[in-house]
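Q: What follows is a single structure, and I will ask about it in a moment.
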Amino acid sequence: MDIKDQDNQDTAIFLSTILTNSQKLPETEVQSLIWIAQQYSLPWNITKTDCKSINNNIVFESITCITDLDDIEHVTIVVIANEIPYDNGFPDPLLEINLPYLVEFSSSPRYPVKNLSISILDKLDNPNQIALNSICLNSENFTIPSNFPQNLPKLVLFENGPLSTLSSDIPSSLLNIYKVSLYGQIDPSMKIIINPNEQYKIRFLTVFYIPNLNLIIGDNFPILEGLNLNAASSASLILSSKTLNLLVLQNVDCTVTDAPNIKSLFFFDGSFSPMNLTMLPSLKRVYIIESPTYNSWPQAKWFADKNITLMTGTIPDEYSAIKFFSLSINNMELVNGSVSEKFCATSKLSLTGTNITSVPDCIYCCWDLLSNGMPSTIQIDPNFTCPYQINSITYVMTPSSQGKITISGKNLGYGFNEDTSPNLKVIVPNSLFELSNLPSFGSQNVMFSSIFQLYYQLDWVTDVTNIQSISGQQTEFALYVSIKGTFNSTWIYSTNVNNQLCVVTSLVADTLNCTITKPIIDFTSELLSVNMSSPYLSFNGNGTFVMMYPVVTSTSTVTTQGGDVQIYGFFGRKNSKPVVTIGQQSCKVSFWGIYNITCGVSSLPKGQTNLTVTIDNFVHYSNMVIVPLNLTYCIDPTDSNPVICNNHGSCVNGYCSCAGGFSGFYCDSKTSGGTINPNSTTPSASFIADDHQFDFNMVSIQELGPDASVAFELLTNSWNYRKEENQTLTSLYYYLNNTRPDLFVIVTIQYSPDPRTVEFAGVTSNLPPNSLKVTVQIDGWEYLSTLNTLRVVFSTEQSNVPSDCAESKETIGVNQLDNSVQYLKIIKNGVAFYGNFLPVVLSNGRPAYSKNEIVNQTDDQMWIGVSLPQCAYCLIDPSFNVLINVDGGCKTKGLKAWEIATIVTVVGIFTIAAAVGAIIYIKKRRIINYESQKLKSKLSRIGS
1 MDIKDQDNQD TAIFLSTILT NSQKLPETEV QSLIWIAQQY SLPWNITKTD CKSINNNIVF
61 ESITCITDLD DIEHVTIVVI ANEIPYDNGF PDPLLEINLP YLVEFSSSPR YPVKNLSISI
121 LDKLDNPNQI ALNSICLNSE NFTIPSNFPQ NLPKLVLFEN GPLSTLSSDI PSSLLNIYKV
181 SLYGQIDPSM KIIINPNEQY KIRFLTVFYI PNLNLIIGDN FPILEGLNLN AASSASLILS
241 SKTLNLLVLQ NVDCTVTDAP NIKSLFFFDG SFSPMNLTML PSLKRVYIIE SPTYNSWPQA
301 KWFADKNITL MTGTIPDEYS AIKFFSLSIN NMELVNGSVS EKFCATSKLS LTGTNITSVP
361 DCIYCCWDLL SNGMPSTIQI DPNFTCPYQI NSITYVMTPS SQGKITISGK NLGYGFNEDT
421 SPNLKVIVPN SLFELSNLPS FGSQNVMFSS IFQLYYQLDW VTDVTNIQSI SGQQTEFALY
481 VSIKGTFNST WIYSTNVNNQ LCVVTSLVAD TLNCTITKPI IDFTSELLSV NMSSPYLSFN
541 GNGTFVMMYP VVTSTSTVTT QGGDVQIYGF FGRKNSKPVV TIGQQSCKVS FWGIYNITCG
601 VSSLPKGQTN LTVTIDNFVH YSNMVIVPLN LTYCIDPTDS NPVICNNHGS CVNGYCSCAG
661 GFSGFYCDSK TSGGTINPNS TTPSASFIAD DHQFDFNMVS IQELGPDASV AFELLTNSWN
721 YRKEENQTLT SLYYYLNNTR PDLFVIVTIQ YSPDPRTVEF AGVTSNLPPN SLKVTVQIDG
781 WEYLSTLNTL RVVFSTEQSN VPSDCAESKE TIGVNQLDNS VQYLKIIKNG VAFYGNFLPV
841 VLSNGRPAYS KNEIVNQTDD QMWIGVSLPQ CAYCLIDPSF NVLINVDGGC KTKGLKAWEI
901 ATIVTVVGIF TIAAAVGAII YIKKRRIINY ESQKLKSKLS RIGS
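For the sequence shown, the UniProt record's numbering gives the first residue as 1, with consecutive numbering after it.
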């Protein structure tokens with residue numbers, strides 16, 4: 001048995017043959033061909049000088065040539081087969097063969113050579129044959145020179161055929177060729193010469209009929225991959241090789257000490273040690289034939305196509321664990337007993353010449369096809385009826401099934417010779433099949449065997465159910481769970497959450513909502529574990545839930561003297577008594593209900609402080625401000641001669657309400673008319689007067705965690721637009737485009753040519769003509785936690801437009817209690833712009849604390865954040881932006897552009913809070929448009 005060659009990068013490329021009558025060979029190559037023709041008595045025409053003519057019209061060309069770029073021929077292949085000897089003279093013993101392009105030399109002479117004293121290997125082994133890579137001596141007697149090869153650097157294959165005879169030792173130098181195959185007869189006195197201290201480069205070695213073989217293969221063969229030894233008489237081999245993967249032995253006593261990579265063993269006669277083959281851990285294929293010393297059943301893992309002889313007893317049951325193999329146990333009379341039903345998974349089973357007494361039903365079910373492989377001891381009962389079995393005739397696919405179902409059963413056949421439906425494939429004979437190319441639902445009469453008329457009608461559907469995300473909201477009475485994914489809205493789903501039945505309340509193609517009315521909640525965890533069943537399959541998933549109480553939406557005003565405090569929000573329906581702390585002081589609870597708590601506290605220091613409410617182990621944190629008695633914002637603290645509202649208005653509930661024609665935080669400036677230009681793409685409007693313009697725009701809404709980190713951010717940069725007008729009021733409506741399906745954000749901008757009066761949380765403001773009023777409504781904001789709040793972020797920017805005016809001034813008014821921004825005022829070229837910020841919002845219809853702060857600032861940019869409580873209904877009403885004339889100032893052509901943020905009205909419904917500001921641009925006859933990418937870049941610096 002030969003060893004198959006592998007790809008070898010050193011093998012020379014054979015060039016195609018090109019023969020013409022006009023091309024000539026070099027003289028040295030012509031003389032070399034003449035010598036070969038004389039030595040082997042070949043019928044070549046040695047009077048010619050080109051390949052075709054020298055071949056002398058021999059049907060099978062024995063000379064192959066190529067033509068170089070100079071139209072000179074060169075010999076590449078020489079094949080010798082002298083069926084009829086032809087005397088061309090006696091070869092010159094001194095001539096040196098010179099064939100520099102020769103890559104293959106093959107000889108199969110029928111008659112002896114002329115000069116028996118000359119070795120063809122001696123003649124070829126010279127520096128002229130630099131391209132020679134293959135020598136095959138198929139039928140001649142020859143010797144191998146002691147140092148062969150010395151001058152053939154490309155030689156990778158040396159082979160002799162079974163009709164040749166080797167009359168010399170095999171030199172160690174030959175063991176450095178890629179592949180050596182010696183199939184011919186070897187003189188009984190010859191041997192293989194191996195130097196244990198020399199490293200050999202051979203990869204494949206085949207030696208037949210060698211006598212007196214006592215071979216040791218060890219570390220001196222570091223890259224040997226295949227070894228095939230066929231001894232003429234008893235021989236021995238001691239083997240230790242980490243690279244050998246194929247071992248073929250005949251009439252050899254082999255002892256293996258280390259062979260971790262042998263995958264295939266072919267063993268004919270002789271002996272093998274250790275007998276259990278434990279030294280071959282990678283073994284996959286075993287052929288053991290006529291070995292009187294080896295009669296144990298090989299391990300099942302070695303099986304592929306096997307030939308086993310001299311085995312005794314029953315077939316080991318472990319063989320049945322191997323799928324897709326052909327098992328042949330033939331002509332072994334000592335093999336008997338029963339064949340397990342597990343062997344029905346064998347594709348081909350041949351047991352002729354054994355004394356097997358019983359086979360499984362699958363053999364009898366296909367008796368007409370399998371009886372030729374059964375021994376005479378097995379006969380079928382004429383009344384036998386095959387017990388076919390299929391485990392299911394209905395199946396459920398999923399989108400990942402790719403239109404395939406797997407069918408299991410018993411005695412369903414082997415799928416012989418296209419005996420099944422075209423889309424049915426055998427996975428394991430008799431028991432496992434795959435039906436493919438199926439639509440999402442349907443039925444098919446599936447043919448398992450047309451010969452035996454075995455059909456089953458199969459039906460299937462596709463279950464598209466898939467869980468993508470799970471979220472929940474926990475109240476004191478119920479746990480509301482929302483499962484996003486893919487569902488069949490016509491099916492009935494059974495859902496359990498944390499091992500509790502969750503009743504499905506709504507179902508559409510992408511959402512399933514369910515409720516547990518009396519949930520058992522582990523307060524140490526916010527994890528949801530969902531087990532869902534469709535009519536066909538079960539699914540699992542995990543998510544988290546948030547607590548819906550306690551939530552504080554607003555508080556009453558608390559002075560430094562203390563007293564009763566009213567806390568509003570949602571505190572659950574169980575009437576569990578809350579624990580309230582303001583700052584470091586306990587607030588004694590005297591009343592508590594679902595929506596409000598009353599508690600009493602002693603005197604407190606003024607300024608911002610913390611409010612903590614704890615119910616049922618759930619905690620809510622928020623901020624509040626302790627204010628002095630009779631606090632008023634009606635006198636400018638920077639004025640050297642303070643006058644209430646600058647005598648241009650009255651103090652109403654601590655804030656200035658300006659008289660007609662005046663505006664500003666302290667009614668300190670006169671108003672002036674202007675023109676309003678709305679923007680149809682974003683909630684922005686331009687106010688133009690005296691060649692100056694201001695715009696406003698919304699930047700983003702952030703949800704903040706209790707540590708003020710950003711839990712979620714929504715950029716507000718894509719809108720739809722609608723406009724309404726009547727005689728005195730213009731209304732612009734902007735609808736935010738966003739990917740949160742339950743969230744709706746609507747911005748309304750209103751302006752009128754008439755003066756208006758606005759009252760908010762006890763503060764009255766008189767709006768002059770052409771003032772802008774902005775409202776933002778947000779419905780459906782889903783908070784990630786009851787501890788989270790909202791913050792609206794506005795950007796201010798100063799551009800680098802040059803100015804020649806000496807008077808340029810901006811002022812930021814700050815509340816001394818909590819450093820909350822109250823107003824911005826910019827004076828430029830005799831024109832002043834105001835942005836007024838109230839420290840209060842309406843939360844669920846009640847006043848609530850709101851802090852306005854500078855989040856971040858650079859040389860030319862500023863970000864202002866407006867913090868809002870978590871509430872069901874939030875309303876923020878601004879003071880207003882007005883354009884006024886300021887006495888004095890200068891008029892110049894060059895203006896410096898500014899942007900300032902102002903608070904706007906916000907309406908929130910169902911746990912919603914948000915705000916929008918007015919961003920004022922001061923510039924000359926041009927509008928600066930900011931793209932969303934620029935906004936994102938700016939926002940990335942917020943909070944740094």
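Where a beta carbon is used, it is the ideal one built from N, C-alpha and C, also for glycine.
Check each candidate in D70, K588, G583, T614 and name the one with the smallest Cα separation from P605.
A: Start at 1 with the first residue of the sequence shown, and residue 605 comes out as number 605. Measuring from the Cα of P605, the nearest candidate turns out to be G583.
Q: How is the alpha helix (DSSP H) around K179 delimited, first residue to last?
A: Locating residue 179 in the sequence shown gives position 179, counting from the first residue. First-last for K179: 179–182, but that is the beta strand (DSSP E), not the alpha helix (DSSP H).
Q: Closest by CA to C136, which one among N126, P162, N57, Q468?
A: By one-based count along the sequence shown, residue 136 stands at place 136. For C136, the nearest C-alpha among the options comes from P162.
Q: Report the CB separation of L224 from I217 in whole angstroms; it is logged as a contact under 8 Å.
A: Your numbering for residue 224 matches position 224 in the sequence shown. Your numbering for residue 217 matches position 217 in the sequence shown. So it is a contact: roughly 7 Å between Cβ atoms.
Q: Rounded to a whole number of angstroms, what is the C-alpha to C-alpha distance between Q185 and E140?
A: What you label residue 185 is simply residue 185 of the sequence shown in a count that begins at 1. What you label residue 140 is simply residue 140 of the sequence shown in a count that begins at 1. Computed Cα separation, rounded: 10 Å.
Q: Could you compute how far the alpha carbon of N391 sits from the alpha carbon of G409?
A: Working through the sequence shown from its first residue, we reach residue 391 at position 391. Working through the sequence shown from its first residue, we reach residue 409 at position 409. Looking at the two C-alpha atoms, the distance is approximately 5 Å.
Q: Going by DSSP, which residues form a beta bridge with V774?
A: As a working mapping, residue 774 is identified with position 774 in the sequence shown. The partner list for V774 (beta bridge, DSSP) reads I749.
Q: Pull up the DSSP beta-bridge partners for N214, would you.
A: Sequence index remark: in the sequence shown, residue 214 carries index 214 (1-based). BP columns for N214 point to S236.
Q: With 16 other CB atoms within 10 Å as the buried threshold, where does Q389 fall?
A: Here residue 389 corresponds to residue number 389 of the sequence shown, with the count starting at 1. So Q389 ends up on the exposed side.
Q: Identify, in the order they occur along the chain, each residue of the same chain with its Cβ nearer than 6 Å to the Cβ of S106, setting aside the five sequence neighbours on each side.
A: Position 106 of the sequence shown, counted from the start, is the residue given in the question as residue 106. Excluding residues within five positions, the ones whose Cβ falls inside 6 Å are V79, C136.
Q: Buried or exposed, going by whether 16 or more other CB atoms sit within 10 Å of the CB of S233?
A: Residue mapping note: residue 233 aligns to position 233 of the sequence shown, counting from 1. Classification of S233: exposed, given that the 10 Å Cβ count is below 16.
Q: Looking at the structure shown, is L244 part of a helix, part of a strand, or coil, going by DSSP?
A: Within the sequence shown, residue 244 is the residue found at index 244, counting from 1. L244: coil per DSSP, three-state reduction.
Q: Since I597 and Y549 should fall inside the 8 Å C-beta cutoff, what is the C-beta to C-beta distance between them, to a whole number of angstroms?
A: Translated into the one-based positions of the sequence shown, residue 597 becomes position 597. Translated into the one-based positions of the sequence shown, residue 549 becomes position 549. Actually they are not in contact, since the Cβ atoms of I597 and Y549 sit about 12 Å apart, beyond 8 Å.
Q: Which ranges would you report for the alpha helix (DSSP H) in the stretch 94–124 if only whole runs of at least 4 residues count?
A: Runs found: 120–124.
Q: Measure the alpha-carbon distance for C254 versus S164 and round it to whole angstroms.
A: The sequence position of residue 254 within the sequence shown is 254, counting from 1. The sequence position of residue 164 within the sequence shown is 164, counting from 1. Their backbone Cα atoms lie some 27 Å apart in a straight line.
Q: Helix, strand or coil for K52? Go by DSSP, reduced to three states.
A: Locating residue 52 in the sequence shown gives position 52, where the first residue counts as 1. Three-state result, K52: helix.
Q: Buried or exposed: which applies to W35, given that a residue is buried once 16 or more other Cβ atoms fall within 10 Å of its Cβ?
A: Indexing the sequence shown from 1 puts residue 35 at position 35. Buried.
Q: Spell out a yes or no on whether the stretch 633–640 and the stretch 742–755 are touching, meaning 3 or more CB-CB pairs, one atom from each, closer than 8 Å.
A: No, they do not touch.
Q: Residues in its own chain within less than 7 Å of S867 by CB, not counting five upstream and five downstream?
A: The residue you call residue 867 lines up with position 867 of the sequence shown. So the qualifying residues of the chain are T789, R791, S850, K851.
Q: Would the stretch 430–438 and the stretch 404–420 be scored as touching if the rule is three or more Cβ pairs under 8 Å?
A: Verdict: yes, contact present.
Q: Would you call Q933 buried or exposed, if buried means 16 or more other Cβ atoms sit within 10 Å of its Cβ?
A: Numbered from its first residue, the sequence shown carries residue 933 at position 933. Because the pLDDT at Q933 is just 37, under 50, the model does not fix this residue reliably, and the value given afterwards should be weighed accordingly. By the neighbour-count rule (16 or more Cβ atoms within 10 Å), Q933 is not buried but exposed.
Q: Spell out the partners DSSP gives D564 in its beta bridges.
A: Translated into the one-based positions of the sequence shown, residue 564 becomes position 564. Note: D564 sits in a beta bridge opposite G600.
Q: Between P196 and N220, which are expected to be in contact by the criterion C-beta below 8 Å, what is the C-beta distance as a whole number of angstroms?
A: The residue given as residue 196 occupies position 196 in the sequence shown. The residue given as residue 220 occupies position 220 in the sequence shown. That belief holds up - the Cβ atoms of P196 and N220 are roughly 6 Å apart, short of 8 Å.
Q: Please determine if the stretch 758–769 and the stretch 651–660 are in contact, where contact requires at least 3 C-beta pairs separated by less than 8 Å.
A: Enough Cβ pairs lie closer than 8 Å, so yes.
Q: Write down the C-beta distance between L33 and I63 rounded to the nearest angstrom, noting that I regard them as a contact closer than 8 Å.
A: Indexing the sequence shown from 1 puts residue 33 at position 33. Indexing the sequence shown from 1 puts residue 63 at position 63. L33 to I63, Cβ: 7 Å. Contact.
Q: To the nearest angstrom, how far is it from the Cα of G661 to the Cα of P768?
A: Here residue 661 refers to the residue found at position 661 of the sequence shown. Here residue 768 refers to the residue found at position 768 of the sequence shown. Cα-Cα distance, rounded: 7 Å.
Q: Tell me whether the stretch 411–421 and the stretch 392–402 touch, counting them as touching only if at least three CB pairs, one residue from each stretch, are closer than 8 Å.
A: As far as the Cβ criterion goes, the stretch 411–421 does not touch the stretch 392–402, which means the pair count is below three.
Q: In whole angstroms, give me the CA-to-CA distance for G226 and L247.
A: As a first step, residue 226 is located in the sequence shown; it is residue number 226 there, counting from the start. As a first step, residue 247 is located in the sequence shown; it is residue number 247 there, counting from the start. The alpha-carbon atoms of G226 and L247 are separated by roughly 6 Å.
Q: Buried or exposed: where does G865 fall if 16 or more other Cβ atoms within 10 Å of its Cβ makes it buried?
A: Here residue 865 refers to the residue found at position 865 of the sequence shown. Buried.
Q: Ignoring anything shorter than 3 residues, give me the beta strand (DSSP E) runs that lie fully in the stretch 492–522, in order along the chain.
A: As far as the stretch 492–522 is concerned, its whole beta strand (DSSP E) runs of at least 3 residues are 494–497, 503–507, 511–516.
Q: Between which two residues does the alpha helix (DSSP H) carrying E159 extend?
A: Taking the sequence shown and counting its residues from 1, the one referred to as residue 159 is at position 159. No alpha helix (DSSP H) holds E159; the beta strand (DSSP E) holding it covers 157–160.
Q: According to DSSP, is I36 part of a helix, a strand, or is it coil?
A: Counted from its first residue, the sequence shown places residue 36 at position 36. Helix.
Q: Can you round the beta-carbon distance between I193 and S167 to whole angstroms, since I take them to be within the 8 Å contact cut?
A: On the sequence shown, position 193 is the one that residue 193 refers to. On the sequence shown, position 167 is the one that residue 167 refers to. Between S167 and I193 the Cβ distance is about 15 Å, and since that is not below 8 Å, they are no contact.
Q: Skipping 5 residues on each side, what residues in its chain have a beta carbon closer than 7 Å to that of E703?
A: Against the sequence shown, residue 703 aligns to sequence position 703. Around E703: A711, F712, Y783, L784, N788, L790.
Q: Grouping DSSP H, G and I as helix and E and B as strand, with all else coil, what is N647?
A: The residue given as residue 647 occupies position 647 in the sequence shown. In the structure shown, N647 sits in a helix (DSSP, three-state: H, G or I).
Q: Roughly how many whole angstroms lie between the Cα atoms of Q129 and L370?
A: As a first step, residue 129 must be located in the sequence shown, where it is residue number 129. As a first step, residue 370 must be located in the sequence shown, where it is residue number 370. Distance between the alpha carbons of Q129 and L370 is about 59 Å.
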